[in-house]
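Chemist: Protein chains in written order, with the working numbering: chain A, 1 to 417; chain B, 1 to 83. No residue lacks a Cβ here, since even glycine has one placed at the ideal position from N, Cα and C.
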Amino acid sequence: MAMATERPDNQRIVITGVGLTAPNGNSLPEFRKALLDGRSGIKPFETRYFGKTVAGICDFDEFRYQKRKERRRGTRAGSVGIYCAREAAADAGLDWENVDRSRVGIYIGVTEHGNVETENEIYHLKGFDYDTQYWSHHHNPRTVANNPAGEISLNMGVTGPHYTLGAACAAGNAGLIQGVQMLRLGECDLALCGGVSESIHAFGIFASFHSQGALARHDSPEKASRPFDADRNGIVVSEGGCLFVLERLDSARRRGAKIYGEVAGYAMNSDATDFVLPDADRQAECIRLALRRAEMSPEQIGIVSTHATSTVSGDAQECVALRQVWDDNGRHTLMNNTKSFIGHAMGAAGTLELAGNLPAFDDGVCHATINLDRLDEQCSLPGLVANQPREVGRIDTILNNSFGMLGINSVVIIKRI
Amino acid sequence: MTADDIRKSILEILHDIAPDEDLSDLKEEVPFRDQLPLDSMDFLDIVMELRKRYRIQIPEEEYTELASMASTVKYLEPRMKDL
Chain A
1 MAMATERPDN QRIVITGVGL TAPNGNSLPE FRKALLDGRS GIKPFETRYF GKTVAGICDF
61 DEFRYQKRKE RRRGTRAGSV GIYCAREAAA DAGLDWENVD RSRVGIYIGV TEHGNVETEN
121 EIYHLKGFDY DTQYWSHHHN PRTVANNPAG EISLNMGVTG PHYTLGAACA AGNAGLIQGV
181 QMLRLGECDL ALCGGVSESI HAFGIFASFH SQGALARHDS PEKASRPFDA DRNGIVVSEG
241 GCLFVLERLD SARRRGAKIY GEVAGYAMNS DATDFVLPDA DRQAECIRLA LRRAEMSPEQ
301 IGIVSTHATS TVSGDAQECV ALRQVWDDNG RHTLMNNTKS FIGHAMGAAG TLELAGNLPA
361 FDDGVCHATI NLDRLDEQCS LPGLVANQPR EVGRIDTILN NSFGMLGINS VVIIKRI
Chain B
1 MTADDIRKSI LEILHDIAPD EDLSDLKEEV PFRDQLPLDS MDFLDIVMEL RKRYRIQIPE
61 EEYTELASMA STVKYLEPRM KDL
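1) Using the beta-carbon of each residue, which ones in chain B are nearer than 8 Å to histidine 113(A)?
2) So with CB distances below 8 Å, who are the chain A contacts of aspartate 20(B)?
3) Residues of chain B with a CB under 9 Å from the CB of tyrosine 134(A): which are they?
4) Is there a Cβ from chain B that is less than 8 Å from the Cβ of arginine 72(A)?
5) What whole-angstrom Cβ distance do serine 147(A) and glycine 204(A) have, given they're in contact under 8 Å?
6) What span of residues does the alpha helix (DSSP H) with cysteine 242(A) cover, start to end?
7) Indicate the three-state DSSP secondary structure (helix, strand or coil) for threonine 72(B) in the structure shown.
8) With DSSP as the reference, label glycine 330(A) as helix, strand or coil.
9) Quick check on DSSP: helix, strand or coil for lysine 43(A)?
10) Who pairs with asparagine 409(A) in a beta bridge, going by DSSP?
11) Closest Cβ-Cβ distance between leucine 44(B) and chain A: below 8 Å?
12) Please return the same chain residues whose Cβ sits closer than 6 Å to the Cβ of glutamate 247(A), not counting the five positions on each side in sequence.
13) Where serine 199(A) and leucine 215(A) are concerned, what is the direct C-alpha to C-alpha distance, given to the nearest angstrom?
14) Among Asp279(A), Pro278(A), Ala252(A), Glu285(A), which residue has its Cα nearest to the Cα of methionine 268(A)?
15) Does histidine 137(A) come within less than 8 Å of chain B when only Cβ atoms are used?
16) For threonine 309(A), name the three-state secondary structure that DSSP assigns.
17) Run through the segment 20 to 67 of chain A for me and flag every whole alpha helix (DSSP H) of 4 or more residues, listed as ranges in chain order.
18) Check whether the segment 295 to 302 of chain A touches the segment 384 to 397 of chain A, taking contact to mean three or more Cβ pairs, one atom from each stretch, closer than 8 Å.
19) Between the C-alpha atoms of leucine 291(A) and glycine 127(A), what's the straight-line distance to the nearest angstrom?
20) With distances taken Cα to Cα, identify the nearest neighbour of asparagine 421(A) among Arg282(A), Asp315(A), Thr159(A).
21) Going by DSSP, what residues sit across from methionine 335(A) in a beta bridge?
22) Counting along the chain, where does the alpha helix (DSSP H) carrying serine 208(A) start and finish?
23) Below 8 Å, can you find three or more Cβ-Cβ pairs linking the segment 12 to 19 of chain B to the segment 61 to 75 of chain A?
24) Taking Cβ positions, are valine 196(A) and glycine 383(A) nearer each other than 8 Å?
25) At the level of alpha carbons, what is the spacing between valine 99(A) and methionine 405(A)?
26) Sorted by chain position, which residues of the same chain lie with C-beta nearer than 8 Å to arginine 374(A)'s C-beta, five sequence neighbours on each side aside?
27) Tell me, please, whether the CB atom of methionine 69(B) is closer than 8 Å to any CB atom in chain A?
28) Taking DSSP as the reference, what is the three-state secondary structure of leucine 192(A)?
29) Which residues in the same chain have their Cβ closer than 6 Å to the Cβ of tyrosine 266(A), if we skip the five residues on either side of it in sequence?
30) Identify, in the order they occur along the chain, each residue of the same chain with its Cβ nearer than 7 Å to the Cβ of serine 68(B), setting aside the five sequence neighbours on each side.
31) Of all the CB atoms in chain A, is at least one closer than 8 Å to the CB of methionine 1(B)?
See the structure below:
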């Protein structure tokens, strides 16, 4: 990979549009305000078989960009994707009808896809004594792995490439990285990329985390997701989505687009150690690789958006990795965590958490990690912004961690431009 | 079920399948596909809904009988008269 300083403008990739839905906001300004106001989006939730729990639920208007028939045909993930993609394109100031849609690429990260529809079909089939002639002909188009990306293509008339990237909870970053790579390769001129999740609509994800001893519980839903807190007890599952419009710097400048930031570096690697337990050494290696590619030292990072999911082991391991890269010497890089507000939005987590931090380039504020009542000593981090946002004045760089099961690690670095 | 009951039921199914469409002016003798944006998956929905709601089995070679409201009612009337 060429060093950042060597790249011409047509190899420098910038973010020019953001479309999102989170449990506490349906646009970047709404989401950012909630993060600065300390407002959680976690609520009581009840799901088939599993019963009462808590979750992050989105309330965007599905019919702003979809007809009722389109929604009926498709999936929640597709609907989240369409909303985010349309919002991102509008935010980028693109005159969509006049965009060459054969040169648009759609790259959507997903933690999983198809569980929701399969659970629904089996549930309905039970009412017909498991006679498979009552199994829906819509099941296959709803559950093919490219479904959320394909629904965006259908809705927006995109005839360039579309596909999803299965990357567990690193999927949002993976979608963004794919967009960067495809733009640099000349495979597209605009990338709609990031991640989506419909996971709360499957009981299986709650039941599986519960069986693993990794599902959060708390009498107050808004307190259930509490990364780095000594009393944390697991993940809050959330739905959501966040897609970016990416383009080459020369194209963005030519059309006078607002530029949120430049993708200065990225990295992905694998632990190759365990199905579910993270590996701090490989995480640190991934962070260092992204820094090296961005030609940055750790001290040059303004904010680290941590991945921590509020599990006992995962949070502690990430902190080991972070302390390996950032020590107590020199200027403190600030660190925060968005899951403390919105829970774990799975495939959408990476890009939602990055997006929530992007306005820091404009307002100079690092949003906090909330629900940090009693810091776990194992999670002591230099620069951790606890409970109240911190005004910094100027922030030039954001590093976004996203890790997932089967030992998949991803890091993205965005810099002010 | 009478012909009118069947007609009402088909309208309900069509309303579910094509929720954005105005069905108030649906013409009896004109094929559904000439009046509504329906594709083959939508027609399979009509077949599936009849199967689910009334346990009516329609062989694939007879799907063409469901082309218009008039042909559908005519085809279903003897099959649903005892429901």
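Modeler: For this structure:
1) Simply none; closest approach about 20 Å.
2) Lys67, Arg68, Lys69
3) Met48, Arg51, Lys52
4) yes
5) It should be pointed out that residue 147(A) corresponds to asparagine in this sequence rather than to serine. Going by Cβ atoms, the distance from asparagine 147(A) to glycine 204(A) rounds to 18 Å, so no, they are not a contact pair.
6) Note, cysteine 242(A): premise wrong, no alpha helix (DSSP H); beta strand (DSSP E) at 240 to 248.
7) helix
8) Any answer about glycine 330(A) is weak, because its pLDDT of 48 lies below 50 and its placement is not dependable; what the coordinates show is given next. Reduced to three states, the DSSP call for glycine 330(A) is coil.
9) strand
10) Asn269(A), Phe403(A)
11) yes
12) Thr16, Leu190
13) 14 Å
14) Glu285(A)
15) yes
16) coil
17) 28 to 37
18) yes
19) 55 Å
20) Nothing in the structure corresponds to residue 421(A), since chain A is present only between 1 and 417.
21) Val304(A), Leu384(A)
22) 203 to 211
23) yes
24) no
25) 38 Å
26) Asp229, Ala230, Asp231
27) no
28) strand
29) Ile177, Ala290, Val412
30) Glu28, Glu29, Val30, Pro31, Phe32
31) no
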